[in-house]
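Encoded as structure tokens, the structure appears first; notes follow it.
In the working numbering, the protein residues as written are 40 to 379.
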């Protein structure tokens, strides 16, 4: 017997939107000043003190690196004679934040390059960390720690990647001068013309007319007021970051095919459509119909009631995906459908 699922759809009056359902966000959570960002660092190092879980004899670069390090300490050895079961070659990575100063500490990650079984209990030796320009910006060293969940044994954990909290010291600053800048560029994390326009309007209303100009969906140009660009640019940025804007984004429906989880916003709407899928019939119309074979839900124009109703009927995730794909293909789903 065919199950019939009927969802009423009432049209929202013109002028009614969803702004009241959306929370305002700070500009600092929606955008960032161009040029103020993290930079990636990388270096090659050795983790020593392992309990026989290091690289095997066939890993030549570990032997060579150990021999080179010992040579710098005036200890000359034949690399072919070295045993490296207590040593592991690692690639060390870190992110240096903007405005990091000499002496600041940053976290590092050490990842095995060879065939080491585990980095547990090891110590990373002095490792220079370089930027893409080849210059050294930090020095890393210290005992490594592994993120092993409580109750999980070594067999069920990933033992070839370790962290050192505050394991590197900044040795060179990445210059970024604010004072004297007459213009700044504000880059949106999620480009959107509506959000950019609202952001510009808010800045101009608070700071001064003409300060912010929309360049495109993801970029605003900021003209620093003359009284601030000489020495108070940081204060100017701080004033802008704390302003709040109601963001606007493209409506999306995201489905996890494995778990059947459906994520959607309050602004996802569905137009009139009727779909038959297996023994299930889905009909979305503009007015209710009173029939015994029809399940009537409260009037709604969003996808939420549809998904909840389908779940109540025991619709499987794959069928749910097929139904939503069909609604999208019919042009009735007013949102981007993303399946992960």
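Cβ atoms here follow ideal geometry from the backbone N, Cα and C, with glycine treated the same way.
Exclusion of the five residues before and after residue 77 leaves 134, 136 as the residues of its chain whose Cβ lies within less than 6 Å of its Cβ. In this chain, residue 288 is not harboured by any alpha helix (DSSP H), its DSSP state being neither H nor E. Residue environment for residue 237: buried (at least 16 other C-beta atoms within 10 angstroms of its C-beta). Across the structure, residue 95 and residue 217 are spaced so that their CA atoms are roughly 51 Å apart. The beta carbon of residue 379 lies closer than 6 Å to those of 295 in the same chain, with the five residues before and after it left out. Checking the DSSP bridge columns, you'll see residue 202 partnered with 148, 184.
According to DSSP, residue pairing for residue 225 in a beta bridge involves 72, 259.
The alpha carbon of residue 129 has as its nearest neighbour, out of 105, 235, 122, 140, the alpha carbon of 105. Rounded to the nearest whole angstrom, the CA to CA distance from residue 169 to residue 103 is 21 Å. Spanning the alpha carbons of residue 80 and residue 146 requires a straight line of approximately 11 Å. Distance from the CA atom of residue 304 to the CA atom of residue 140, rounded to whole angstroms, is 42 Å. In the DSSP assignment, residue 233 falls within the unbroken alpha helix (DSSP H) covering 232–245. Excluding sequence positions up to five before and after residue 209, its CB lies within less than 6 Å of the CB of 139, 141, 143, 177, all in the same chain and listed in chain order. Contact between residue 245 and residue 282 holds: their C-beta atoms lie close to 6 Å from each other, under 8 Å.
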